[in-house]
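For the sequence shown, the numbering used here gives the first residue as 11, with consecutive numbering after it.
Cβ coordinates follow ideal geometry from the N, Cα and C atoms, glycine included.
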Amino acid sequence: MTYALACRKNHQFCDKSAHSIRNLGYGAVLLLHGISTLSAYKQYLHPFEPHNLLFFAAWPMLAACFALYYLREADVLWTFKGSCTPR
Numbered sequence: 011m012t013y014a015l016a017c018r019k020n021h022q023f024c025d026k027s028a029h030s031i032r033n034l035g036y037g038a039v040l041l042l043h044g045i046s047t048l049s050a051y052k053q054y055l056h057p058f059e060p061h062n063l064l065f066f067a068a069w070p071m072l073a074a075c076f077a078l079y080y081l082r083e084a085d086v087l088w089t090f091k092g093s094c095t096p097r
């Protein structure tokens, strides 16, 4: 009985820690990519100068980062269920 309660509490802890790691990770990527995308505003004002067209590729990536952060609860494809078991 005690072992079952310990396993259950450990599983709840692992779910919460995986949830917070996912929040922090996706949030950090979104924040850092957003800062780097918006800090290049001078290149967006002159798009047809040499090498400035490449900066526009950051906008779809920023949208993908936002989608990952927004849908982080549904991201369960290759996650390990019960990988945080007591030894």
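Through-space distance from Leu-40 to Phe-76, alpha-carbon basis: 6 Å
C-alpha gap between Ile-31 and Pro-70, whole angstroms: 24 Å
Cα-Cα separation, Leu-34 to Phe-66: Rounded to whole angstroms, the separation of the alpha carbons of Phe-66 and Leu-34 is 26 Å.
Ser-49 (DSSP reduced to helix, strand or coil): coil
Ala-74 beta carbon less than 8 Å from that of Thr-47: At a Cβ-Cβ threshold of 8 Å, Thr-47 and Ala-74 do not count as neighbours.
Distance CB(Pro-57)-CB(Leu-63) smaller than 8 Å: It is a contact, given that the beta carbons lie within the stated cut-off.
Residue closest to Ile-45, alpha-carbon to alpha-carbon, out of Leu-55, Glu-83, Leu-78, Leu-72: Leu-72
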